[in-house]
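S.K.:
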Amino acid sequence: MTERLGISGRIARQFQDNELTPLLALAALLVGLFAVMITPREEEPQIDVTFANVFVPFPGAGSVEVENLVSIPMEQVLAEIENVEHVYSVSRPGMAVLTIQFE
């Protein structure tokens with residue numbers, strides 16, 4: 085029974101039948117280990133986080149109630165914080181999600 089192989093099957097067959105495949109795999113492993121060894125690392129890298137998410141649960145409230153009673157007032161209060169560039173909000177039934185973007 086002969087199999088009709090696609091392009092990926094023919095390439096895989098070539099690698100399976102070739103004697104250089106184990107050597108290529110070993111070389112790739114060694115290059116990967118070398119890359120891990122020479123990659124610079126910091127014990128405590130400084131990461132600037134310019135966004136914050138605020139989740140406000142409001143069980144039983146509809147999305148319009150959440151928007152009027154939670155999202156809009158919180159947007160106004162959070163926008164007054166120093167270095168706040170923009171405040172985004174999403175109102176869902178029972179939940180408000182606010183995203184604050186800092187400068």
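Mapping of the sequence shown onto my numbering: residues 85 to 187, in sequence order.
Using N, Cα and C, we set each Cβ at its ideal position, and we do this for glycine too.
Using C-beta distances below 8 Å, list every residue in its chain close to Gly144, excluding the 5 sequence neighbours before and after it, in chain order.
M.R.: Same-chain partners within the cutoff: Gly178.
S.K.: With respect to the beta strand (DSSP E) encompassing Pro180, which residues constitute its N-terminal and C-terminal limits?
M.R.: One point to set straight first is that residue 180 is Ala, not Pro, in the sequence displayed. Counting along the chain, the beta strand (DSSP E) containing Ala180 begins and ends at Met179 to Phe186.
S.K.: So, do the region 166-178 and the region 114-127 have three or more beta carbon pairs nearer to each other than 8 Å?
M.R.: Not touching, per the Cβ criterion.
S.K.: With DSSP collapsed to three states, give me the class of Ala145.
M.R.: DSSP places Ala145 in coil when its eight states are reduced to three.
S.K.: Could you check whether the region 129-140 touches the region 154-169, counting it as contact only if at least three pairs of C-beta atoms, one from each stretch, sit closer than 8 Å?
M.R.: Cβ pair count under 8 Å is three or more, so yes.
S.K.: Leaving out five residues before and five after Asn167 in sequence, what residues of the same chain have Cβ atoms less than 7 Å from its Cβ?
M.R.: Excluding residues within five positions, the ones whose Cβ falls inside 7 Å are Phe186 and Glu187.
S.K.: Taking only beta-carbon positions, decide if Ile95 is within less than 8 Å of chain D.
M.R.: No chain D is part of this structure, which consists of one protein chain only.
S.K.: Bridge partners of Asn167, per DSSP?
M.R.: Answer by DSSP bridge pairing: none, since Asn167 is not bridged.
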